[in-house]
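The structure under discussion appears below in the form of structure tokens.
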Amino acid sequence: MVHLQWGLYALIPSLIILILAFLFFFIKRHRGHGYFLSKFSAFTRIRFNHLEQRRQTYCPANQDCQCHPVDSSSHIQPNLSCTHRSPTLYMSFAGAAMIVGGVRTTEWCGSISQLHDQTDNSFDVLFLTDPAQCFYLQDPDYKWQGLIYYRNLVKTYSTLYQRVILIGASLGGSMVCMCADLATISIAFNPVLDPTLLGLPWRIMGAFCPARQAQVIREQVQTNMEKIKSEKVNHNCVLHIHWSQLSAPDQRQAHRVVGGGKQKKSRQKECLTLVSDFDINNPCLSSPVGVYVWFHRCSRHALAMHLKRSRQLIPLLRHHLGVKSESIPQNTSQEKEEEEEQAKQSTVIDMSTLAEVNDTNEHEVRVPLI
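According to my numbering, the sequence shown is numbered sequentially starting from 943.
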């Protein structure tokens, strides 16, 4: 019996050493993607330089461009003397890193590249992440000046490029909506427009936003939508918002704008040009001005990933951005058949008959990696 006790005493330190060794190799293996650090940072609110270096990644189309040094990624300041710019700049706002496994430096990279695969279009991309996981409301100095910081960034780039395109999902979509009046085209998938409506899992997993800052999001988004809808901006400006119609968390966000829901909210008509079920053949998908809300028959928060897997995302983006393939004929019979099939898959019920989702799945939130 005594020998068994001593054996157990010796086993405990061995197990501790094995666990620590496992954590060491786990952290070392995933450090490149910020997997462990992003989770630890979100839980503890401790900031890491390794994550901050992933805050912004500038990818010019011209591979010879050396106007933006790599070590400037934490505080990118546009080089006004750069002569290598393309006509178009994409600004990608990444979603929550906590749920998808770490900070992704180049979210939307695959879709943007696929979108232009068969074209001669030249474009630059600025990939943005939020290491603090607080809806981009903190600036690189960790002050609650993120809205000013990112709006100034978009405003500056809008003077340097012919077109600035914003794209993002979830909390990345939130910042897209908060900067939409400064860009040419803005596309947001399931944006969180009121963080106070989020469930407990979101708060536990690190999507942090104090009530005062949540008010900042609500006010800025409403102001932007009113400006764009009434065409009070000095350039063509359009905002497309895509929501999952059968997802309870996204229903709550949508009801703040389109009205309805359990609280019978009124529709903010002064903010909306059109609210419609998604139809790939709807000409408004290519409108250059206005605020458009599109509902998809999807029960997941990861709407963009759902659309990509069902091969609807690229055609959708092509309509929004007016991207046409230059190497193959347009409007072939096969292409028309594909669009008709996508339209059938995307047909949804009217907003007035929004399906109620079981409360047990109400807080199931997944963020897409595109």
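Glycine included, each C-beta is placed from N, C-alpha and C at the ideal position.
Name the DSSP bridge partner or partners of residue i?
i	result
MET1033	LEU1068 and LEU1108
GLN998	LEU1070
VAL1233	LEU1181
HIS1010	BP columns for HIS1010 are empty, so no partner.
LYS1207	GLY1202
HIS1197	According to DSSP, HIS1197 bridges with nothing at all.
HIS1238	SER1186
List the endpoints of the continuous alpha helix (DSSP H) containing residue i.
i	result
SER1055	1051–1057
LEU1258	1255–1263
LEU918	An answer regarding residue 918 cannot be provided, because it is not within the stretch 943 to 1312 covered by the chain.
Assign residue i to buried or exposed, taking buried as 16 or more other Cβ atoms, counted over all protein chains shown, within 10 Å of its Cβ.
i	result
TYR951	exposed
LEU1079	buried
ASP1062	exposed
PRO1230	exposed
GLN1254	buried
PRO955	exposed
ILE1170	buried
SER1228	exposed
ALA1153	exposed
ARG997	buried
ILE958	exposed
GLY1264	exposed
LEU1181	buried
LEU962	exposed
Considering Cα atoms alone, identify which of the options is closest to residue i.
i	options	result
TYR1084	GLU994, ALA1244, GLN947 and PHE1237	GLU994
SER1116	PRO1137, LEU960 and ILE954	PRO1137
GLN1104	THR1126, VAL1096 and GLY1088	THR1126
THR1098	GLY1110, LEU1124 and ILE1109	LEU1124
ASN1132	ARG1154, ILE1170, PRO1152 and GLN1193	GLN1193
TRP1236	LEU1139, SER1229, LYS1250 and GLN1187	GLN1187
GLN1195	VAL1163, THR1101, ARG1154 and LEU1139	LEU1139
GLN1162	CYS1213, LEU1142 and LEU1263	CYS1213
CYS1226	PRO1257, HIS1262 and ARG1093	HIS1262
Let's see if you can read the secondary structure: which residues bound the beta strand (DSSP E) around residue i?
i	result
LEU1227	It is not in any beta strand (DSSP E) - LEU1227 carries neither H nor E in the DSSP assignment.
LEU1216	1216–1219
Is there at least one non-hydrogen atom of the ligand FMN closer than 7 Å to the beta-carbon of residue i?
i	result
VAL1200	Questions concerning the ligand FMN fall outside what the structure shown contains, since it holds no ligand whatsoever.
field: Contiguous alpha helix (DSSP H) assignments of at least 4 residues, all confined to the stretch 1102–1185
entry: Taken in chain order, the unbroken stretches of alpha helix (DSSP H) that lie wholly in the stretch 1102–1185 and span 4 residues or more are 1113–1121, 1142–1146 and 1153–1171.
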